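Participant: Take a look at this one; I'll ask things after.
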Amino acid sequence: MYDPVPQHDSLTPRERWIGGAFLLVVLGLFTAEVCTNYQPVKLSALFVVLFWVPLLALHEAGHAVAAALLNWYVGQIVVGMGRLVGSFRVGTAVVEIRLVPVEGFVRCVPRNLHLPRLKSALIYFAGPGVELLLALCILLAVGPDRLLTASDDYLLIAWQSLALASAAQGVLNLIPHSVGTPRGEVANDGMGIIRSFLVPESHFAQMIGHTFNEADGEWEADEPGDWGKREE
5 MYDPVPQHDS LTPRERWIGG AFLLVVLGLF TAEVCTNYQP VKLSALFVVL FWVPLLALHE
65 AGHAVAAALL NWYVGQIVVG MGRLVGSFRV GTAVVEIRLV PVEGFVRCVP RNLHLPRLKS
125 ALIYFAGPGV ELLLALCILL AVGPDRLLTA SDDYLLIAWQ SLALASAAQG VLNLIPHSVG
185 TPRGEVANDG MGIIRSFLVP ESHFAQMIGH TFNEADGEWE ADEPGDWGKR EE
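See the structure below:
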């Protein structure tokens, strides 16, 4: 959920063309594979790849919405990694779309010390949780018998692929692990849930009063001397 190393350089026109050409080549290779000894079931792999990007956006939206509902300040939402493609603002959050849509993060801080550990865990869970909820809704809507049965029906294959992609993203993000970065280890959602209950309250207290500075991509403190006093 949290950012390893922010990057702010926007794409140049040349990089946009290169990125677009690369995506076309990848989709072309997928299309060629699907067309070779074509069977409708082969479309499933292509559907999973195509669904992965909107599911990533849904995942990060889950974190952000949960944080806002729990009265945390949301400063930044990033979908993808690498160079910046575009950005816009939603409420207090700067939303950034980056070149390589394989991961994302949400940067948020508590506004008070009311159940901060539980709220942190819920925010971490909300990302994979919304994906698992989507998979469950598809399972209930389509029916287990149809969803888990091989078919040549294109619409059913699309639903099966969406359910598979959303369930896979949800489960993979809940398997606890961390990744080393220049700023230290960054926990995934599963590890973040565990760590939320292990860190001292002072960990959350020092975040209170921070706001996100879009210009330099860092947090800036507001009334730092008052952090430890805010409990409501």
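Under our numbering, read the sequence shown as residues 5 to 236, first letter to last. The beta carbon of each residue, even a glycine, is placed where N, CA and C say it ideally should be. Just so we're clear, the structure is a prediction, and the values are computed from it rather than from any experiment.
1) Return the chain-ordered ranges of every beta strand (DSSP E) run that is complete within the stretch 47-76 and spans a minimum of 3 residues.
2) Tell me the DSSP bridge mates of R111?
3) Pick helix, strand or coil for I179, following the three-state DSSP scheme.
4) Going by C-alpha distance, which of V99, V175, V89, H181 is nearest A139?
5) Once DSSP output is grouped into helix, strand and coil, what is the label at G32?
6) Find the nearest neighbour of G131 within the set A71, A209, G95, judged by alpha-carbon distance.
7) Using alpha carbons as the reference points, say which of V53, I81, C112, P180 lies closest to D193.
8) Any contact between the stretch 117-135 and the stretch 88-104? By contact I mean 3 or more CB pairs, one from each, below 8 Å.
9) Could you tell me which whole alpha helix (DSSP H) segments of length 4 or greater appear in the stretch 130-157?
10) Is it true that the CB of W76 sits closer than 7 Å to the CB of P114?
11) Count the other CB atoms, across all protein chains shown, that sit within 10 Å of the CB of E100; report buried if there are 16 or more and exposed otherwise.
12) Would you be able to state if there are at least three C-beta pairs under 8 Å between the stretch 153-165 and the stretch 39-58?
13) Below 8 Å on the Cβ atoms is my contact criterion, and I expect L59 with S170 to pass it. Report the Cβ-Cβ distance as a whole number of Å.
14) Any idea if H118 is buried or exposed, counting beta-carbon neighbours within 10 angstroms, 16 or more meaning buried?
15) What does V99 pair with, by DSSP beta-bridge criteria?
16) Would the beta-carbon of A65 fall within 7 Å of that of V78?
17) Mapping DSSP to helix, strand and coil, what is E227?
18) If we call anything under 7 Å between Cβ atoms a contact, is F109 one with V82?
19) Hey, quick one: how far does the alpha helix (DSSP H) through F208 stretch, first residue to last?
Facilitator: From the atom records:
1) Within the stretch 47-76, no complete beta strand (DSSP E) run reaches 3 residues.
2) Beta-bridge pairing links R111 to Q80.
3) coil
4) V175
5) helix
6) A71
7) P180
8) At 8 Å Cβ cutoff, the stretches do not touch.
9) Counting only runs of 4 or more, we get 148-151.
10) yes
11) buried
12) Judged by Cβ distances under 8 Å, the stretch 39-58 makes contact with the stretch 153-165, as three or more pairs qualify.
13) 6 Å
14) exposed
15) I81, F92
16) Their beta carbons are not under 7 Å apart, which means A65 does not touch V78 by this criterion.
17) Confidence at E227 is low in this model, with a pLDDT of 47, below 50, so the placement of that residue should be treated as unreliable; the coordinate-derived value is given next. E227: coil per DSSP, three-state reduction.
18) yes
19) 205-209
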